[in-house]
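Take a look at the structure below.
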Amino acid sequence: MLHLTAGNFDAETKHSPLPVVVMFYAVWCGKCAMMKPIVEEIEPRYRNKVRFCEVEIDESPLLAAKYDADIVPTFVFFQNGRLLGIMQGIIDEVQFEQRLQKIFRNS
């Protein structure tokens, strides 16, 4: 996953030729630690189709606030610079992938 900060967020999400999934997380968050391997398992299946990124909320609190990442993990979906959806909390791999496909299929 590509690490994003306030300095590169817009360039990597709003100007990406691919759809983008951004995981907002915190290093102290146990639920985030549970979700990260799930995302890392899914990511290779979408290589060259979807870009997966991450934002550490304590490092980038303004970005976290802008995208309502008050619960971590929070997943924010973009395509063609547009915000398509937000998903929060723990979700299993099958459900995550189903939601990912549904969000980008309906865009």
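Our numbering puts the first residue of the sequence shown at 2, with every later residue one more than the last.
Glycine is no exception: its CB is placed at the ideal position from the N, C-alpha and C atoms.
Quantities reported herein were computed from a predicted structural model and do not represent experimental measurements.
Output needed for residue i: all residues of its chain with C-beta closer than 7 Å, excluding positions within five of it in sequence on either side, in chain order.
| i | result |
| --- | --- |
| His4 | Glu55 |
| Leu19 | Lys50, Val51 and Arg52 |
| Met88 | Phe76 and Arg100 |
| Val95 | none |
Judging by CA-CA distance, which residue of the options is the nearest neighbour of residue i?
| i | options | result |
| --- | --- | --- |
| His16 | Gln80, Ala27, Thr6 and Phe53 | Gln80 |
| Asp69 | Lys37, Ile39, Asp11 and Met24 | Met24 |
| Phe78 | Glu42, Glu13 and Ile104 | Ile104 |
| Ala7 | Leu64, Ile72 and Asn107 | Leu64 |
| Trp29 | Thr14, Ala66, Ile72 and Asp11 | Ile72 |
| Ala131 | Arg46, Ser61 and Arg106 | With the chain running from 2 to 108 in the structure shown, residue 131 is simply not present. |
| Pro38 | Asp93, Gln102 and Asp11 | Asp93 |
Using a Cβ cut-off of 8 Å (strictly closer), state whether residue i contacts chain D.
| i | result |
| --- | --- |
| Leu5 | Judged by its chain identifiers, the structure shown contains no chain D, having just a single protein chain. |
Name the DSSP beta bridge partners of residue i, please?
| i | result |
| --- | --- |
| His4 | Glu55 |
Near residue i, what residues of its chain come up, given a Cβ to Cβ distance below 6 Å and the 5 sequence neighbours on each side ignored?
| i | result |
| --- | --- |
| Leu84 | none |
| Thr14 | Val21 and Phe79 |
Looking only at its own chain, which residues have a Cβ that is under 8 Å from the Cβ of residue i, when we skip the five neighbours before and after it?
| i | result |
| --- | --- |
| Ile91 | Lys32, Met35, Met36 and Pro74 |
Report the residue ranges of all beta strand (DSSP E) runs contained in full by the region 12-63; include only those spanning at least 3 residues, in chain order. 21-26 and 52-57
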